[in-house]
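The UniProt record's numbering applies: residue 1 is where the sequence shown begins, and numbers increase by one.
One structure is given here, and the rest of the page talks about it.
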Amino acid sequence: MSESKAAKTEKKLLACAKAEFLENGFAGANMRAIAQTAGMTTGAIYRYFADKNALFEAIVGPTANEIKHYFIELTNDQMTMLELKKQAAEFTDMEEGMRGVFDFIYERFDVFDLLINRSAGSSWENYIDSLVAFDLASTQAYIATMMQVGLLEQSPPANHLAILVKQSYKQIFEIVASRMNREEALGYLQLLIPFLYGGWSAILGKRP
1 MSESKAAKTE KKLLACAKAE FLENGFAGAN MRAIAQTAGM TTGAIYRYFA DKNALFEAIV
61 GPTANEIKHY FIELTNDQMT MLELKKQAAE FTDMEEGMRG VFDFIYERFD VFDLLINRSA
121 GSSWENYIDS LVAFDLASTQ AYIATMMQVG LLEQSPPANH LAILVKQSYK QIFEIVASRM
181 NREEALGYLQ LLIPFLYGGW SAILGKRP
């Protein structure tokens, strides 16, 4: 079935908007410039999207939600292994998960560039903070389960965990913040994975 005229127009509009956001960031992007590039009036854009933020969200939202669900699946898998086998995640588990994140990011790098580097002023500017909040809650639940099954005697202080989780995400998304090419990022990842695994293993009483 062929695309409708409206669907084609929306697709072109999103492509033009993405280019404008990548060049100027959300705050600097101009709806008039987007309209001109798309060959339509500014008023016509508002028949498709309520405002600039809605347009930005249409571009980044699906990918942002998809990677969040990926993190949720990783967390659930680790928790299941801990509950059933009474065994904490191994290095190979973390490596596999991190490489999955790496591949996901580089298949959609432009969108992550928008999210990490060019989202200031939009409703997505604190997106990483939302991932950190989710991961912190998951980490605390994981630690509580480790204590229940006898793998850990006590939990690190919550405020210390919050700092460590936030820094972990900063280190992961540095590949986007620094706009590393894929080859450069792969070399960085080979250092980052054992660094994070070793650190968390020491904190949680497990030696790599």
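For every residue, glycine included, the Cβ atom is placed at its ideal position computed from N, Cα and C.
Please read these numbers as outputs of a predicted model, since none were measured by experiment.
Cβ-Cβ distances below 7 Å link K12 to A38 in the same chain, with the five nearest sequence neighbours on each side left out; the list follows chain order.
Taking 4 residues as the minimum length, the alpha helix (DSSP H) runs contained wholly in the UniProt domain "HTH tetR-type" (7-67) are 31-38 and 42-45, in order along the chain. Within a 10 Å sphere around the beta-carbon of L191 sit fewer than 16 other beta-carbons, which makes this residue exposed. For the pair of segments examined, the segment 68-82 was found not to touch the segment 174-189: the number of CB pairs separated by less than 8 Å stays below three.
DSSP places E90 in the coil class of the three-state scheme, outside both helix and strand. The beta carbon of T145 lies closer than 8 Å to those of M79, L82 and E83 in the same chain, with the five residues before and after it left out. In the DSSP annotation of this structure, the continuous segment of the alpha helix (DSSP H) that includes P194 starts and ends at R182 to I203.
Between the beta-carbon of W124 and that of A35 there is about 22 Å, and that puts the pair past the 8 Å contact cut. For A33, the closest of E20, A27 and L161 by C-alpha to C-alpha distance is E20. Measuring C-alpha to C-alpha distances from A54 to each of S119, S4 and D129 identifies S119 as the nearest.
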